[in-house]
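Read through the structure below, which is laid out as structure tokens, and then see the notes.
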Amino acid sequence: MTQHPSPTPADDLPAVVAALREARQRWRDAHRRGGDGRELPSRELLAAMVQSLSGALFPMRLGPPTLHPEDEDFYVGHTLGTAMVTLRQQAALELRHEARQRGDDAPAQDADALAARFLQTLPALRELLDSDVLAAYQGDPAARSVDEVLLCYPGLRALISHRLAHELYRLGLPLIARVIAELAHADTGIDIHPGATIGPGCFIDHGTGVVIGETAVLGRRVRIYQNVTLGAKSFPTDGDGNLLKGQPRHPIVEDEAVIYAGATVLGRVTIGRGAVIGGNVWLTRSVAPGSVVTQADMQSHEGAQP
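Quick note on numbering: the sequence shown equals residues 1 to 306 in UniProt numbering.
And the structure:
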């Protein structure tokens, strides 16, 4: 009896390629995609841009290992110039995509102008990051130097990305900002939405599992430990049941508050200045300035409810 060879994976390729082409076209038709080239920012290019910006902000510590002090300014200028070329290109993609989603012919903003405005924010951003480094050094007895904080602490790496992403978010590039935030999330385990507002001197200790939502507001010198969530309690909807985007729904944490490991704070509540939230506390109400809230306090509070 004649035996016929079994089909190989290569025999199936044309049909699979055709089916994937049809699936792509259905998606593009449903979501107003043109299919005429790259339409969205690149994660890889944005990751390289963040690395370059980090080096330009801290050249002798996060820049190239062969850099000499006398070459700092040249390196910073060259690196920023390259990073801004990337930002202009990626911003143009996002703005064009946004315009297409609205059904407009032209973007509402100019990518070159946005990149120029972002560049102007970097000196102030460096000052903010210096305050974060000092907060970590002063707040952690295990830190032997500010250089150790900058080189080793995941909370600081997450804050570098967040402060870059937050400026881009404010300038009107939320997709690029979100990509940068999620790259930092994957790298550090710290999930900070680029819309969150974080004051100077923030210290995220250890950091793994920290979640800070889009509309959260943190004051000056706030300290947060691992597995803390500053999240939303509920999601408001319109009359048709669709989620309302951008509504204030995350906590406000005032100056010098401390939130210990595993605490969950939900909703548009206020943690007052200098308050201390103990580990593993579940909190959905505001806390007065200077308060100390522990699990035992919460259990007593819940037990008093009718």
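The beta-carbon is built from N, C-alpha and C at its ideal position, and this holds for glycine as well.
Asked	Found
When the distance is taken between beta carbons, is residue 228 closer than 8 Å to residue 199?	no
Apart from the five residues on each side of it in sequence, which residues of its chain come closer than 8 Å, Cβ to Cβ, to residue 119?	80, 84
Based on Cα-Cα distance, which residue from 46, 295, 218 lies nearest to residue 274?	218
If the criterion is Cβ atoms closer than 8 Å, does the pair residue 93 and residue 39 meet it?	yes
Which runs of the beta strand (DSSP E) spanning at least 3 residues fall entirely within the segment 212-257, listed in chain order?	229-231
For residue 62, which residues of its own chain have a beta-carbon under 6 Å away from its beta-carbon, when the five flanking residues on both sides are left out?	54, 55
In whole angstroms, what is the alpha-carbon distance linking residue 192 and residue 184?	9 Å
Roughly how many angstroms lie between the CA atoms of residue 121 and residue 244, to the nearest whole one?	30 Å
Which two residues bound the contiguous beta strand (DSSP E) that contains residue 264?	264-266
My output table needs one value for residue 173: the three-state DSSP class, helix, strand or coil.	coil
Return the residue from the list 215, 186, 284, 75 that minimises the CA-CA distance to residue 195.	215
Excluding sequence positions up to five away, which residues of its chain have a Cβ less than 8 Å from the Cβ of residue 294?	278, 281
Just the Cα atoms here: how many angstroms apart are residue 103 and residue 110?	17 Å
Provide the residue span of the alpha helix (DSSP H) that contains residue 93, from first to last.	72-102
Going straight from the alpha carbon of residue 257 to that of residue 287, what length do you get?	11 Å
When the Cβ atoms of the segment 157-170 are set against those of the segment 124-136, are three or more pairs found closer than 8 Å?	yes
Could you tell me which of 88, 205, 28, 138 sits nearest to residue 101, measuring between CA atoms?	28
Can the beta-carbon of residue 130 be found closer than 8 Å to that of residue 159?	no
DSSP on residue 40, reduced to helix/strand/coil?	coil
On the DSSP bridge list, what partners appear for residue 287?	271
In whole angstroms, what separates the C-alpha of residue 205 from that of residue 78?	34 Å
Would you kindly check if the distance between the Cβ of residue 265 and the Cβ of residue 230 is under 8 Å?	yes
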